[in-house]
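*Asks:* Residue numbers (numbering that gives the first Met the number 0), protein chains in the order written: chain A, 0 to 437; chain B, 0 to 437. We treat Cβ as the ideally placed atom computed from N, Cα and C, and that holds for glycine. To start, I am sharing the structure in question, which I have written as structure tokens.
2 protein chains.
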Amino acid sequence: MREISIGLIGFGTVGSGVVKILQQNKDILEARVGLPVRLKRIADIDIVSDRGVPVDPALLTTDAREILEDPDISIVVESIGGYEPAKSFILEAFRNGKQVVTANKALLAEHGPEIFRAAHEARVDIAFEAAVAGGIPILRSLREGLVANRFEKVLAILNGTCNFILTAMSENPGISFDEVLRQAQELGYAEADPSLDVDGIDAAHKLVLVLSLTHGIRLPVKSIYVEGIRRIEPFDVIMAREFAYKIKLLAVIISHGDVVEARLHPTMLPEHHPLARVDGVFNGIYLRGDMVGEQLFYGRGAGMGPTASAVVGDVIETARNIIRGEAGRVPPLGYPENWKSAGRVMDMKEIVTSYYLRIQAMDRPGVLSKISGIMADHHISIHSVVQKRRDSSGTVPVVFLTHLAREADIQDACSKIGQLDVVEGPLMIMRIEDENLA
Amino acid sequence: MREISIGLIGFGTVGSGVVKILQQNKDILEARVGLPVRLKRIADIDIVSDRGVPVDPALLTTDAREILEDPDISIVVESIGGYEPAKSFILEAFRNGKQVVTANKALLAEHGPEIFRAAHEARVDIAFEAAVAGGIPILRSLREGLVANRFEKVLAILNGTCNFILTAMSENPGISFDEVLRQAQELGYAEADPSLDVDGIDAAHKLVLVLSLTHGIRLPVKSIYVEGIRRIEPFDVIMAREFAYKIKLLAVIISHGDVVEARLHPTMLPEHHPLARVDGVFNGIYLRGDMVGEQLFYGRGAGMGPTASAVVGDVIETARNIIRGEAGRVPPLGYPENWKSAGRVMDMKEIVTSYYLRIQAMDRPGVLSKISGIMADHHISIHSVVQKRRDSSGTVPVVFLTHLAREADIQDACSKIGQLDVVEGPLMIMRIEDENLA
């Protein structure tokens, strides 16, 4: 073996970043692997547009089979994203005995079991550090460095677009979600169709992958509670600030023995919480292991450089494994398939946490008593009530912070409160992660 | 192979933590490895004292050879610390074909090349994640997850004792180093002989290991600039606060092409720097990679649980490698021996940074002009001067913050200033990591 040849399928942002690193850091990569790492071929449907990285035109092809069928190529980097043709390419790479590196969280979250099984059967490896939190080596840390721990709690900011929007709303009190989204789109931090990000789907894909590593539980995204950030109003941001909270879109994993909470939604966090300071497009993962205690990982969760850094990190690890002769040795240790499931995911209705409730209600005597009466009937203990301003329409937003309550009770109570004729419009329910409210 | 047998040499704090994890998390470790991990033997000179973990007395021995010569044992955990007999035990384990896991930073920093060469020759592995930053998987992240990057900058808080002391001094303005040290000793956060910690030696050992991974440079500790925290006075802490700085004992690694700065000393950091919020016994590593940008790793850097978490993480990785049949396959990829050296470490006199200078001077006309004249002669540009209080003795502390200056110029100027008859006692020089002073 004189070199490790890789083929790149997908010459978009991540693919260009991979090419850039392989060129720019060629010397250190060779030193750290022990052999040259050679990019032999790049496939994309568009081989004409300038990507800002110099590439020998002879490397380019529009036919992915020129990579998948090349016996010289031992590692295939899939960076096209989405379900098809990415999935077919990956499965064919496996059949041809090639190792695969990918950042494709959607594909792995939805079709992970099938893909990991195929890798296992073909005795090859699939590496996917870049699928979660971009350049932060969190998956490897969960699987290796922290492997001795039971993970009691993981709270994670995994979508840079949402965090950018929430940070901007927090720093410019009064600005609307729509206005910030428009700015994010202009700056390139949000897609033209932002729903994958702002509706929480992208972060939920990542949550599914993290949960498989922390608890050995594989779930389809649709069985997890997912709520995006569209419904957050400037008023909620202002109230959060008054309570010394920040609003973050959080992936939440909390262990209770054999049962685990796994949910994704906007969450109020105390300002002094380490994640409250993870702002802008940054990602952050806070975790608590039974042995290691608290940890925080912080860094850029998206973008060309950070994502490509993780992809090339996986390429290097895979190359090292090929050189050592261990790539794809079954069983693929470290994959969730080998982990014993810690049990089931808790039904959302069973969870117990604290809540922020915003209720638009008539400003007249007896209203507060009616609302709080319903809460009492549902065993909801109120920590504080704030009635913020008088509205010309005759209704005012009233905000409740609750002590620990059951989600089912909150949902039932809110449904009843919403039916009161003194209450207007839908209620806003936001969960709070604050041990002081317990 | 039906199980992985390990032997533990050293039943102190870390060793007890290892035993505790192997007992308490037996089920998840087996699931994550694929085979049972069995603690077969524990050697210590004291096998009588209660460690707070239940152990079958039949496992205990005072003779390390019962581990080193046991053909069943494939992984030896060395947790006695110090140079001897730890080194001899490790070398004998290698000769007997055993993999080694250790947290022994002093030994690896001082005798790393010899130990790694011996592992290489014996075709076994040595793992040492626990040697730096306790439970934070930073070494593995540098070597694997972030391996695609050139490391432009690493700033790290690597000694929990010093960070505890500096945090307490910052939170109780006016309290002396000696007083806080005494408290730390009472709380068990500092040793009876604290010099390994407070003089920066322990953190320097860790810096040497980090530098070998980030830059492939192996240096003895004595060739690195190391300054501890004993000379910091309450006045310095109060001044830091006025300038919106925090004082941290930092390991500093900064790349300049083929030359790299590597130094360890108290450093003033802006309060908004991510490391400024790493308080108490916590460790933190801030780094900037050319591709990945900024990252922060934060967690407990010492103590039974966090250190044992890292040790057992290495045990699990080693066990996986044994099962895959790849443990110790030469060359030991990922070890610094395989890395191309990025060049030489910069002479301390060559470094350029900003400085905090505290000068005890007579409070009379012309003094400031004399001092600042000497600075001007040495090309030192002053950012600000603060004369804080009048002292009954007739001298006052005068504080200068400088723009970027050469260390050699600062040392020369301070030496000249110290000789002025209007200046009393030694000057305090502290480096500042603040891009706004550039």
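With a CB to CB cut of under 7 angstroms and the five nearest residues on each side skipped, what residues in its chain are close to TRP338/A?
*Replies:* Taking the first residue of the first sequence as 1, we reach residue 338/A at position 339. The pLDDT assigned to TRP338/A is 48, lower than 50, so where the model puts this residue is not dependable; a value taken from the coordinates is nonetheless given after this. Contacts found: GLY215.
*Asks:* Should LEU7/A be listed as close to the ligand SAH, given that the test is whether its C-beta is under 8 angstroms from any heavy atom?
*Replies:* In terms of ligand content, the structure shown is empty, and the ligand SAH therefore cannot be addressed.
*Asks:* Using a Cβ-Cβ cut-off of less than 9 angstroms, give me the residues of the stretch 27-38 of chain A that come near chain B, in sequence order.
*Replies:* Hits within the stretch, in order: ILE27, LEU28, GLU29, ALA30, ARG31, VAL32 and GLY33.
*Asks:* Step through the CB atoms of chain A and report whether any lies within less than 9 angstroms of the CB of MET0/B.
*Replies:* Residue numbering aside, residue 0/B sits at position 1 when the second sequence is read from its first letter. No, because no Cβ of chain A sits closer than 9 angstroms to the Cβ of MET0/B.
*Asks:* Helix, strand or coil, according to DSSP, for ALA191/B in the structure here?
*Replies:* The count along the second sequence starts at 1 and reaches residue 191/B at position 192. Looking at ALA191/B - three-state DSSP - the assignment turns out to be coil, as it is neither helix nor strand.
*Asks:* Using a Cβ-Cβ cutoff of 7 angstroms, what residues of the stretch 130-160 of chain B are near chain A? List them in chain order.
*Replies:* Result list: GLY134, ILE135, PRO136, ARG139, SER140, GLU143, GLY144, LEU145, VAL146, ALA147, ASN148 and ARG149.
*Asks:* Quick one: list the residues of chain B neighbouring ASN282/A, beta-carbon separation under 7 angstroms, in chain order.
*Replies:* Numbered from 1 along the first sequence, position 283 holds the residue referred to as residue 282/A. Simply none; closest approach about 10 angstroms.
*Asks:* Return helix, strand or coil for LYS247/B, following the three-state DSSP convention.
*Replies:* In the second sequence, the residue the question calls residue 247/B occupies position 248. Reduced to three states, the DSSP call for LYS247/B is strand.
*Asks:* Measure from the C-beta of GLU432/B to each C-beta in chain A and report whether the shortest distance is under 9 angstroms.
*Replies:* Here residue 432/B corresponds to residue number 433 of the second sequence, with the count starting at 1. Output row for GLU432/B: interface = no.
*Asks:* Secondary structure at PRO233/B, three-state DSSP: helix, strand or coil?
*Replies:* To locate residue 233/B, count along the second sequence from 1; it is residue 234. Helix at PRO233/B.
*Asks:* Run the CB neighbour count on GLU432/B, radius 10 Å, all protein chains shown included, and call it buried at 16 or more, exposed below.
*Replies:* Start at 1 with the first residue of the second sequence, and residue 432/B comes out as number 433. Buried: at least 16 other Cβ atoms inside 10 Å.
*Asks:* Would GLY134/B and GLY300/B qualify as a contact pair, given that the criterion is a beta-carbon distance under 9 angstroms?
*Replies:* By 1-based counting over the second sequence, the position of residue 134/B is 135. By 1-based counting over the second sequence, the position of residue 300/B is 301. Yes.
*Asks:* Mind checking if ALA307/A is an interface residue toward chain B, Cβ cutoff 9 angstroms exclusive?
*Replies:* The residue you call residue 307/A lines up with position 308 of the first sequence. It does: the Cβ of ALA307/A has a partner Cβ on chain B nearer than 9 angstroms.
*Asks:* I'd like to confirm the pairing. Which residues does DSSP put opposite SER4/B in its beta bridges?
*Replies:* For the purposes of this step, residue 4/B is identified with residue 5 of the second sequence, where counting begins at 1. Looking at the DSSP assignment, SER4/B forms a beta bridge with ARG37/B and ILE72/B.
*Asks:* Which of the three DSSP states, helix, strand or coil, is assigned to VAL314/A?
*Replies:* Locating residue 314/A in the first sequence gives position 315, where the first residue counts as 1. Residue state, collapsed to three classes: helix.
*Asks:* Just curious, the beta strand (DSSP E) that ILE428/A is in, first and last residue?
*Replies:* The residue labelled residue 428/A in the question sits at position 429 within the first sequence. Where ILE428/A is concerned, the enclosing beta strand (DSSP E) stretches over 422-431.
*Asks:* Using the Cβ count rule (16 or more neighbours within 10 Å means buried), how would you classify GLN98/A?
*Replies:* Residue numbering aside, residue 98/A sits at position 99 when the first sequence is read from its first letter. With 16 or more Cβ atoms within 10 Å of its Cβ, GLN98/A is classed as buried.
*Asks:* Keeping to the same chain, check which residues put their C-beta closer than 7 angstroms to that of LEU286/B; ignore five residues upstream and five downstream.
*Replies:* The residue you call residue 286/B lines up with position 287 of the second sequence. The answer, listed in chain order, is PHE150, LYS152, VAL153 and GLN294.
*Asks:* Using beta carbons (cut-off 9 angstroms, strictly below), is VAL366/A in contact with chain B?
*Replies:* Translated into positions along the first sequence, residue 366/A becomes position 367. Not closer than 9 angstroms to any Cβ of chain B, the Cβ of VAL366/A fails to qualify, so no.
*Asks:* Put LYS339/B into one of helix, strand or coil per three-state DSSP.
*Replies:* Residue numbering aside, residue 339/B sits at position 340 when the second sequence is read from its first letter. Because LYS339/B carries a pLDDT of 49, less than 50, the predicted location of this residue cannot be relied on, and no value is offered for it.
*Asks:* Closest to GLY298/B by CA distance: which of GLY365/B, VAL398/B, ASP408/B and VAL280/B is it?
*Replies:* Walking along the second sequence from the start, residue 298/B turns up at place 299. With distances taken between Cα atoms, GLY298/B lies closest to VAL280/B.
*Asks:* Could you tell me whether the stretch 193-201 of chain A touches the stretch 314-322 of chain A, using the rule of 3 or more Cβ pairs below 8 angstroms?
*Replies:* Cβ pair count under 8 angstroms is below three, so no.
*Asks:* Using the C-alpha atoms, what's the distance from ALA85/A back to GLY227/B?
*Replies:* Position 228 of the second sequence, counting from 1, holds the residue named residue 227/B. Position 86 of the first sequence, counting from 1, holds the residue named residue 85/A. Approximately 54 angstroms between the Cα atoms of the pair.
*Asks:* Which chain A residues sit within Cβ distance under 8 angstroms of THR316/B?
*Replies:* Within the second sequence, numbered from 1, the residue matching residue 316/B stands at position 317. According to the sequence as given, residue 316/B is Glu; it is not Thr. Going along chain A in sequence order, the residues near GLU316/B (Cβ under 8 angstroms) are GLU143 and VAL146.
*Asks:* For MET443/B, write down the residues that DSSP places opposite it in a beta bridge.
*Replies:* What is shown of chain B runs 0 to 437, which leaves residue 443/B out entirely.
*Asks:* Closer than 9 angstroms, CB to CB, is PHE115/B near chain A or not?
*Replies:* In the second sequence, residue 115/B corresponds to position 116, counting from 1. No, PHE115/B lies away from the interface with chain A (no Cβ there is under 9 angstroms from its Cβ).
*Asks:* Between ALA307/A and LYS104/A, how many whole angstroms is the CB-CB distance? I'm expecting something under 8 angstroms.
*Replies:* One-based indexing of the first sequence puts residue 307/A at position 308. One-based indexing of the first sequence puts residue 104/A at position 105. In fact, because the Cβ distance is near 15 angstroms, the residues do not count as touching under 8 angstroms.
*Asks:* Using a Cβ-Cβ cutoff of 7 angstroms, what residues of the stretch 289-301 of chain B are near chain A? List them in chain order.
*Replies:* Per Cβ criterion, the list reads MET290, VAL291, GLY292, GLU293, GLN294, LEU295, PHE296, TYR297, GLY298 and ARG299.
*Asks:* Pick helix, strand or coil for LEU282/B, following the three-state DSSP scheme.
*Replies:* For this step, residue 282/B is matched to residue 283 along the second sequence. Looking at the sequence itself, residue 282/B is Asn, so the reference to Leu does not match. Correct three-state label for ASN282/B: strand.
*Asks:* Do ILE66/A and VAL36/A have their C-beta atoms within less than 9 angstroms of each other?
*Replies:* Here residue 66/A refers to the residue found at position 67 when the first sequence is read from its first residue. Here residue 36/A refers to the residue found at position 37 when the first sequence is read from its first residue. No. Outside cutoff.
*Asks:* Going by alpha carbons, who is nearest to PRO364/A out of ILE237/A, GLN386/A, SER15/A and ALA239/A?
*Replies:* In the first sequence, residue 364/A corresponds to position 365, counting from 1. The candidate whose alpha carbon is nearest that of PRO364/A is GLN386/A.
*Asks:* In three-state terms, what does DSSP make of LYS152/B?
*Replies:* On the second sequence, position 153 is the one that residue 152/B refers to. Three-state result, LYS152/B: strand.
*Asks:* Let me check understanding here. Comparing Cα to Cα, which of ILE41/A, VAL52/A, GLY80/A and ASP71/A lies closest to THR61/A?
*Replies:* Start at 1 with the first residue of the first sequence, and residue 61/A comes out as number 62. Among ILE41/A, VAL52/A, GLY80/A and ASP71/A, the Cα nearest to that of THR61/A is on ILE41/A.
*Asks:* Cβ atoms of ASP71/B and THR166/B: under 9 angstroms apart, would you say?
*Replies:* Mapped onto the second sequence, residue 166/B falls at position 167. Mapped onto the second sequence, residue 71/B falls at position 72. Contact: no.
*Asks:* Using only alpha-carbon positions, find the residue among GLY417/A, SER175/A and GLU260/A that is nearest to ILE237/A.
*Replies:* For the purposes of this step, residue 237/A is taken as the residue at position 238 of the first sequence. The shortest C-alpha separation from ILE237/A is found at SER175/A.
*Asks:* Let me know the secondary structure DSSP gives GLU260/A once reduced to three states.
*Replies:* By 1-based counting over the first sequence, the position of residue 260/A is 261. Of the three classes helix, strand and coil, the one that applies to GLU260/A here is strand, per DSSP.
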